[in-house]
Each structure stands twice: as structure tokens, then as C-alpha cells.
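What follows is one structure encoded as C-alpha cells, with my remarks underneath.
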Amino acid sequence: MLSPLPPLKETPSQTAGPYVHIGMTPSLEGITSPNVKDLGSGPIQGTGPRITLTGRIFDGAAAPVSDAVVELWQADANGDHISAWGRVACDDTGTFVFDTVKPGRLAAPAGKLMAPHVTLWIVARGINVGLHTRLYFDDEADANGADFVLNKVLDSRQRKTLIATKSETGGKTTYTLDIRLQGDNETVFFDI
Amino acid sequence: MTTLPLIGEEGAFYQRDRAWHPPANTPGYKSTTLRAPRHALLSLAGQTKSELTGPTFNHSILNPLDNDLIRNFSQGGGEAIGQRMIVHGQVLDENVRPVRGTLVEFWQANAGGRYRHKLEGYQAALDPNFGGCGRAITDDNGCYYFRTIKPGAYPWPNGGNDWRPAHIHFSVFGHAFAQRLITQMYFEGDPMIWQDPIALSIPDRAAVEQLIAKLDRHNSTPMDALAYRFDIVLRGRRSTLFENRPEGN
Numbered sequence: 078m079l080s081p082l083p084p085l086k087e088t089p090s091q092t093a094g095p096y097v098h099i100g101m102t103p104s105l106e107g108i109t110s111p112n113v114k115d116l117g118s119g120p121i122q123g124t125g126p127r128i129t130l131t132g133r134i135f136d137g138a139a140a141p142v143s144d145a146v147v148e149l150w151q152a153d154a155n156g157d158h159i160s161a162w163g164r165v166a167c168d169d170t171g172t173f174v175f176d177t178v179k180p181g182r183l184a185a186p187a188g189k190l191m192a193p194h195v196t197l198w199i200v201a202r203g204i205n206v207g208l209h210t211r212l213y214f215d216d217e218a219d220a221n222g223a224d225f226v227l228n229k230v231l232d233s234r235q236r237k238t239l240i241a242t243k244s245e246t247g248g249k250t251t252y253t254l255d256i257r258l259q260g261d262n263e264t265v266f267f268d269i
Numbered sequence: 017m018t019t020l021p022l023i024g025e026e027g028a029f030y031q032r033d034r035a036w037h038p039p040a041n042t043p044g045y046k047s048t049t050l051r052a053p054r055h056a057l058l059s060l061a062g063q064t065k066s067e068l069t070g071p072t073f074n075h076s077i078l079n080p081l082d083n084d085l086i087r088n089f090s091q092g093g094g095e096a097i098g099q100r101m102i103v104h105g106q107v108l109d110e111n112v113r114p115v116r117g118t119l120v121e122f123w124q125a126n127a128g129g130r131y132r133h134k135l136e137g138y139q140a141a142l143d144p145n146f147g148g149c150g151r152a153i154t155d156d157n158g159c160y161y162f163r164t165i166k167p168g169a170y171p172w173p174n175g176g177n178d179w180r181p182a183h184i185h186f187s188v189f190g191h192a193f194a195q196r197l198i199t200q201m202y203f204e205g206d207p208m209i210w211q212d213p214i215a216l217s218i219p220d221r222a223a224v225e226q227l228i229a230k231l232d233r234h235n236s237t238p239m240d241a242l243a244y245r246f247d248i249v250l251r252g253r254r255s256t257l258f259e260n261r262p263e264g265n
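Taken in sequence, the protein lines are chains D and Z.
Just add 77 to the spot in the first sequence (first one is 1) and you have my numbering.
Just add 16 to the spot in the second sequence (first one is 1) and you have my numbering.
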């Protein structure tokens with residue numbers, strides 16, 4: 078296989094800044110447009126059990142990152158196609174919430190399968206290049222144990238930063254995962 | 017089952033050149049200090065559907081005025097105040113192939129440099145007819161355009177008296193989550209670019225220059241709007257020399 082060097086350079090990233098909501102969740106700033114809600118808002122559609130994904134984002138001083146915007150990209154329960162995208166702004170406590178479906182397993186290299194997961198992308202003031210991470214599920218221990226991405230994280234304490242904890246309240250299932258940008262229990266972020 | 021590519025194999029996105037992007041911690045931009053991960057990013061080495069696919073958007077998400085910031089927040093027919101201009105360009109990948117049908121979002125301050133945002137602390141006045149956001153989907157050549165007013169420079173609480181150069185924020189999706197990009201566009205000839213801690217978070221001057229839109233007199237509209245051209249390059253995928261996928265690579 079031959080391939081010339083890429084002749085163009087990727088446009089460099091810049092921070093989304095503190096006013097990211099104007100462009101990405103404009104209704105929060107009173108900027109509404111007819112017929113169209115904020116893109117990625119509202120329940121994420123797909124096949125599978127309804128779940129809530131939530132967590133808080135903290136900086137290196139354990140302060141909530143209240144200005145962050147988080148995007149989610151995932152498969153539905155069928156797992157063989159990716160279909161669901163969502164976008165939310167964190168609230169004053171740094172909390173993000175997605176109303177979505179639990180994903181199924183997806184193909185991994187070498188004919189293996191990945192454990193169910195969603196991918197998260199985080200932008201905010203002070204983040205120069207958007208941060209990619211994954212959220213896995215703590216009730217998928219066997220699948221998690223065979224997942225090639227989780228197995229790249231050699232330190233088990235670091236691996237835990239990618240695995241959300243299940244809870245049930247009033248018949249609703251919630252998975253919770255806090256994200257720490259820096260410091261103790263710093264979340265694993267990926268160069269994808 | 018689809019074969020999933022390793023980095024460097026056919027179908028995989030080229031590795032991101034992290035030296036071309038700003039590092040996570042750039043002390044001149046103080047907000048990065050507590051928000052920069054201390055650990056190295058973990059390379060996935062293999063790309064999966066989670067990275068090789070991404071959301072797609074069709075024209076049903078667009079309103080007719082989404083690419084006209086002069087009128088898309090109009091109150092009772094009024095237009096935004098300021099230097100009228102068209103911003104346009106082509107979204108390409110590193111292989112110089114147009115990125116067709118991709119969503120481009122943009123947001124900016126008004127002509128006085130004031131953002132319509134609850135956290136904004138600058139004294140400049142809000143423009144009642146200017147919201148400051150818009151979106152477009154690239155055409156078959158990867159081209160986008162919108163009409164707006166030139167944003168003003170503005171002060172920000174970084175140093176005691178730091179001012180940001182005029183700029184427009186861009187968000188681009190591409191065709192895969194691996195291509196997701198947020199950046200900022202600056203204006204040709206602005207001396208404030210070279211004293212801006214955010215622009216200078218990018219170490220390579222040539223990379224900063226890639227963010228500077230060029231004045232485009234050709235596409236200016238008489239008695240209406242100047243034009244600036246801003247091309248955007250997303251990551252490209254490796255393919256064989258004989259491959260020519262209609263959707264691009």
C-alpha cells in the first residue's frame with residue numbers, strides 16, 4: 078500500500094471558551110431560533126433500555142467545571158451501528174445529564190468485541206483541545222474484562238475512572254461517573 | 017465483520033499532530049493550569065466505530081436565516097449594527113478532499129466586542145438585534161458561507177488588562193468523531209493576534225497563521241458586505257492510491 082504524506086495540516090484547535098453556549102446550547106442564553114431546538118438536546122433515541130448517564134466534572138482544585146459542554150456518541154443496544162448523539166451543558170455544580178439508551182457491544186480489532194460504552198467529548202474554557210474519554214458500565218464486568226481499551230489502562234485505579242456506577246431509583250436506572258480533569262483519580266483521556 | 021484499522025493502516029485517520037495543536041497546559045492562558053490533564057493522553061492505537069463514525073445532520077435542522085447573523089436575531093425587523101461581512105471557505109481533509117455535508121457552527125461577540133452571555137462582564141452594549149450564533153452545512157464542494165458583522169476586540173480577566181483580538185468561534189463535525197474540532201478564526205492584519213495568550217497557546221507560528229482569515233475582495237458584495245475566506249482542514253484517512261470513495265476518505 079502506498080500513501081503520500083498528507084499535504085495539508087489539520088486546523089489547530091482553540092479553546093471553546095466560556096461563551097461556548099452561545100454557539101452550542103444557545104437557548105440557555107436566550108437565543109432561540111424558530112422550529113429548531115438546541116442540537117443534541119432532549120432524550121436520545123435508540124433501541125434499548127432507557128438509562129440516565131450523569132456525573133460531575135471537576136478541575137485540579139476539585140472545583141466544578143460549570144462552563145463545560147459535553148457531547149456523547151454511542152451505539153444503541155443492537156451495537157452494530159452507531160446512531161446516537163447528544164450534547165449538554167453542565168450546570169452550576171458541574172453536572173451533566175444524558176437521557177439515553179444503554180448501548181450494546183461493538184466490534185473491536187482482531188475480531189473481538191468491545192464492552193458496551195459511550196464516548197464523551199468535553200470542551201470548556203481552559204481546555205485547549207477537546208478531551209475524548211469513554212464511559213463504561215459497572216454491571217458489565219465480564220465484557221469490561223475483555224475490552225481492549227480498558228485493558229490498555231494498566232493501573233486498575235485509573236481504569237475505574239472510566240466505569241460508571243449503576244443505581245436504581247423508582248424503576249429508573251442511572252449510571253454515574255465523575256470526571257476529573259486533573260489530579261487524584263484523574264480521568265483517562267484518549268488520543269483517538 | 018468489518019476489519020478495524022490500526023493507526024497507519026488503510027481506513028484509519030492519520031495520527032493527530034499534537035505539536036501542531038496547543039498543549040493542554042499553556043500558563044499564559046491561566047484557565048488551562050487547573051484544567052489540563054497531567055497524564056499523557058492514552059493512545060487507542062486501533063480505531064473503532066466509536067471513532068470512525070460520527071453524527072450526521074441534514075438540512076432539516078437549518079432555518080433559512082441560520083447563516084445570516086445580521087438578521088437571525090432581529091427584533092421587529094432591525095438588523096445587527098457593525099461592519100457587514102461574509103465569511104466563507106472550504107472544509108477539506110488532510111488529503112485535500114472536500115468534506116461534504118458536514119455541520120459547521122459559529123458564534124461570536126457583537127461589533128462592540130460584547131457577548132450575549134450571562135457570564136459576560138464587559139461594559140460594551142448589547143446589540144438588541146444581534147444574537148451571535150449561526151450554522152451551515154457544507155455543499156458538495158465542502159464550502160460554507162455566512163453573513164455577519166465583524167466582532168470587536170474585548171477585554172478578559174486573564175492578566176490585569178488582556179484584550180482578545182477579534183475572532184469567531186467555529187465547531188466542525190466532519191464525518192467521524194475522530195475529526196471533531198473546535199477552533200477560532202482571526203482576521204488578516206490584526207496586530208492583537210500576536211499578543212493573545214489563546215492564539216499563542218499554539219506553539220508554531222505557521223499553525224497560528226492557519227487560523228487567520230484572508231480578506232477576499234473578489235467575493236465582497238457591493239454596498240453590502242466585505243468578504244473573508246477561512247478554510248478549515250480536518251483529519252484525513254489513509255487509503256490506497258487507487259481508491260476513490262465517492263463520499264471521500
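The beta carbon of each residue, even a glycine, is placed where N, CA and C say it ideally should be.
As the structure is a prediction and not an experimental result, all values here were calculated from the model.
By the C-beta criterion, the segment 220 to 237 of chain Z is judged not to be in contact with the segment 222 to 229 of chain D, since fewer than 3 inter-stretch pairs fall below 8 Å. Between the segment 137 to 145 of chain D and the segment 175 to 186 of chain D there are fewer than three inter-stretch CB-CB distances shorter than 8 Å, so the stretches are not counted as touching. Interface criterion met: the Cβ of Ser59/Z is under 9 Å from a Cβ in chain D. Note on His37/Z: 16 or more other CB atoms within 10 angstroms of its CB, so buried under the neighbour-count rule. According to the DSSP assignment, Ser187/Z belongs to the beta strand (DSSP E) that extends over 184 to 188. Among the residues facing chain Z, Glu106/D is included, as its CB has a counterpart in that chain under 9 Å away. Separation of the CB atoms of Phe122/Z and His185/Z is rounded to 6 Å, and the pair is thereby assigned contact status at 8 Å.
In this structure, Leu57/Z places its C-beta atom within 9 Å of the C-beta atom of Asp268/D. A straight line joining the alpha-carbon of Thr164/Z with that of Thr264/D spans about 39 Å. Under the three-pair Cβ rule at 8 Å, the segment 63 to 81 of chain Z does not count as touching the segment 138 to 147 of chain Z. In this chain, Arg180/Z is not harboured by any alpha helix (DSSP H); it is covered by the beta strand (DSSP E) spanning 178 to 180. Between Lys230/Z and the set Asp212/Z, Leu250/Z, Met201/Z, the nearest pair of CA atoms involves Met201/Z. Ser255/Z and Gly247/D have their C-alpha atoms some 51 Å from each other.
Excluding five sequence positions before and after Gln91/Z, the CB atoms of its chain that fall closer than 7 Å to its own CB belong to Pro144, Asn145, given in chain order. For Thr69/Z, the closest C-alpha among the options Gly190/Z, Asn235/Z, Ala241/Z is that of Gly190/Z. Taking every protein chain shown into account, the CB of Asp261/D has fewer than 16 other CB atoms within 10 angstroms, so this residue is exposed. Think of a sphere of 8 Å around the beta carbon of Thr42/Z: the chain D residues whose beta carbon falls inside it are Asn205, in chain order. Here Cys159/Z has Gln106 as same chain residues with Cβ atoms under 6 Å from its own Cβ, once five neighbours each way along the sequence are excluded.
With respect to chain Z, the C-beta atom of Arg211/D has a partner C-beta closer than 9 Å. Taking 9 Å as the cut-off, the Cβ atoms of Ile97/Z and Asn126/Z count as close.
Chain D places a beta carbon closer than 9 Å to that of Lys134/Z, counting this residue as a contact. Under a criterion of Cβ atoms nearer than 7 Å, the residues of chain Z adjacent to Phe267/D are, in order, Leu57, Leu58, Leu60.
Rounded to whole angstroms, Gly125/D and Thr210/D show a C-alpha spacing of 22 Å. For the pair of segments examined, the segment 107 to 114 of chain Z was found not to touch the segment 227 to 246 of chain Z: the number of CB pairs separated by less than 8 Å stays below three.
Scanning chain Z for C-beta atoms nearer than 9 Å to the C-beta of Ala220/D yields nothing, as the closest lies near 14 Å away. Only residues of its own chain outside the window of five on either side were considered, and among them Pro114, Val115, Gly158, Asp247, Val249 have a CB closer than 7 Å to the CB of Leu108/Z, listed in chain order.
Around the CB of Leu231/D, fewer than 16 other CB atoms lie within 10 Å, so the residue is classed as exposed. Contact of Ala194/Z with chain D by beta-carbon distance below 8 Å involves Ile269. With a 10 Å radius around the Cβ and a threshold of 16 neighbouring Cβ atoms, His55/Z comes out exposed. Val142/D sits in coil when the DSSP states are folded into three classes, being neither helix nor strand.
When C-alpha distances from Pro53/Z are compared across Pro120/D, Gly207/D, Thr129/D, Val195/D, the shortest belongs to Gly207/D.
For Glu87/D, the number of other beta carbons within 10 angstroms of its own is at least 16, and it is reported as buried. Short of 7 Å from the beta carbon of Met101/D, and not among the five residues preceding or following it, lie these beta carbons of its own chain, in chain order: Val146, Arg164.
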